[in-house]
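**Student:**
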Amino acid sequence: QKTAYEIMPSLVGSEMCKETADIDIISNTISANSTGILLEDCALPGEPRTVVVSGNTVSHNTGAGIALSSSTGTIISNNTVEYNNDGIYLNDSDANTLSNNNVSNNNDNGIEVVAGSTGNIIGPTNAISGNTGFGILVDGGSTTTQITGNTGSIANNGSGGIKVDNATGTDISWNTIRNNPVGVSVTSNANNTTIHYNDITGNTTGISDSGTNTVIENEAQIVENYWRRIQNALNEASGSSTVYVYGGTYV
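For what it's worth, the numbering used here labels the leading residue of the sequence shown as 18, then goes sequentially.
1. Nearest to W191 by alpha carbon, out of S110, N117, I217 and V69?
2. Report the three-state DSSP secondary structure of N50 (helix, strand or coil).
3. Which of the three DSSP states is assigned to Y214 in this structure?
4. Counting pairs of Cβ atoms below 8 Å between the segment 77-92 and the segment 141-161, do you hit three or more?
5. Taking all protein chains shown into account, decide if D109 is buried (16 or more other Cβ within 10 angstroms of its Cβ) or exposed.
6. Within its chain, find whatever has a CB closer than 7 Å to the CB of G133; leave out the 5 residues flanking it on each side and keep chain order.
7. Go ahead and pull the three-state DSSP assignment for A144.
8. Here's the rule: buried if 16 or more other CB atoms are within 10 angstroms of the residue's CB, otherwise exposed. What is D182?
9. Compute the beta-carbon to beta-carbon distance between A207 and G228, rounded to the nearest angstrom, for a pair I have assumed lies under 8 Å.
10. On the DSSP bridge list, what partners appear for A84?
11. Going by beta carbon distance, what residues of the same chain come within less than 8 Å of T204, once the five residues before and after it are set aside?
12. Taking the Cβ atom as the reference point for each residue, do I171 and G152 lie within a distance shorter than 8 Å?
13. From what residue to what residue does the beta strand (DSSP E) around T97 run?
14. In the DSSP assignment, what are the bridge partners of T168?
15. If you reduce the DSSP assignment to three classes, tell me which class T222 lands in.
16. Name the two residues that bound the continuous beta strand (DSSP E) containing N119.
17. If we ignore side chains and look at the alpha-carbon of each, how far apart do V130 and L154 end up?
18. Report all residues from its chain with a CB closer than 6 Å to the CB of V69; omit the five preceding and five following residues, and keep chain order.
19. Beta-carbon within less than 6 Å of A49's beta-carbon, same chain only, minus the 5 sequence neighbours each way: which residues are those?
20. DSSP three-state label for V232, please.
21. Hey, could you find the ends of the beta strand (DSSP E) T193 is sitting in?
22. Does D111 come out as helix, strand or coil in the three-state DSSP assignment?
23. Within the same chain, show all residues whose beta-carbon is closer than 8 Å to that of T114, passing over the 5 residues directly before and after it, in chain order.
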């Protein structure tokens with residue numbers, strides 16, 4: 018029989034991972050802490066256990082709204098995460114799934130993936146908007162992050178929609194990215210980034226790419242952007258797709 022550890026509903030500041038039980042953090046209002054929800058050392062490979070963070074409103078915390086550290090396999094869904102420093106922060110954490118969250122108006126980045134985190138999935142249907150930094154930042158040696166299906170839009174973030182810096186194998190697909198200073202930024206520290214099937218509209222710069230082995234292909238549309246291609250050839254992997262650029266300047 019499954020053992021569940023539940024907080025439903027209550028006011029909590031942080032919740033640490035337990036050794037044996039399932040953890041369900043559901044339908045809480047969490048505010049005015051250093052970190053709203055913190056899961057540490059939830060390394061679950063091979064363990065018959067689930068960790069779910071869902072339906073919470075997490076706001077006005079001085080650190081991250083939701084933070085994972087050395088944690089694996091957590092499902093973070095249907096949360097409202099706003100007015101924190103970072104919204105959702107993944108530190109050395111693998112194979113977690115973030116879906117259908119509203120991550121907005123945080124003082125730094127909306128979602129940040131760092132410290133060698135591997136195989137995380139951001140999507141589908143997250144709405145990530147109005148954050149002071151980037152909507153999503155992938156950095157710190159992180160690998161194989163998937164940012165996919167975020168059609169609720171990654172929009173109106175202060176520094177940009179998505180930034181990939183010091184990361185390998187990031188896949189950015191089927192997202193709506195609108196009205197940011199830059200839609201997608203791939204820095205010279207990034208390797209093997211794939212950008213495809215996105216709707217990138219109304220950003221000052223659509224895609225800024227100086228990474229190694231970046232593939233840009235099959236974009237749904239890139240509209241009304243200034244598109245800055247620094248280094249890499251368009252569609253350098255397949256050479257078979259067409260990217261349409263409407264109403265902007267392409268260099």
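From the three backbone atoms N, C-alpha and C, an ideal C-beta is built for every residue, glycine too.
**Tutor:** Well, looking at it:
1. Nearest option by C-alpha distance: I217.
2. Of the three classes helix, strand and coil, the one that applies to N50 here is coil, per DSSP.
3. Coil at Y214, not helix or strand.
4. No: the two stretches stay apart, fewer than three of their Cβ pairs being nearer than 8 Å.
5. Flag for D109 reads buried.
6. Same-chain partners within the cutoff: D109, G157, G158 and S159.
7. Strand, per DSSP.
8. Buried is the call here.
9. Confirmed, Cβ separation roughly 4 Å.
10. When beta bridges are read from the DSSP output, A84 appears opposite L55 and Y106.
11. Sequence-distant Cβ neighbours of T204 in its own chain, meaning closer than 8 Å and more than five residues away, are K180, V181, D182, N183, S227 and G228.
12. Cβ distance < 8 Å, so I171 and G152 count as in contact.
13. Element bounds for T97: T97 to E99.
14. For T168, which the question treats as bridged, DSSP gives no partner whatsoever.
15. Three-state DSSP puts T222 in a strand.
16. Note, N119: beta strand (DSSP E), N119 to S121.
17. Between the alpha carbons of V130 and L154 lies a distance of about 6 Å.
18. Excluding residues within five positions, the ones whose Cβ falls inside 6 Å are D41 and I92.
19. Excluding residues within five positions, the ones whose Cβ falls inside 6 Å are H77.
20. Of the three classes helix, strand and coil, the one that applies to V232 here is strand, per DSSP.
21. Following the DSSP letters along the chain, one finds T193 inside the beta strand (DSSP E) bounded by residues T193 to R195.
22. In this structure, D111 counts as strand in the three-state DSSP scheme.
23. The beta carbon of T114 lies closer than 8 Å to those of T91, I92, I93, S94, N137 and I138 in the same chain, with the five residues before and after it left out.
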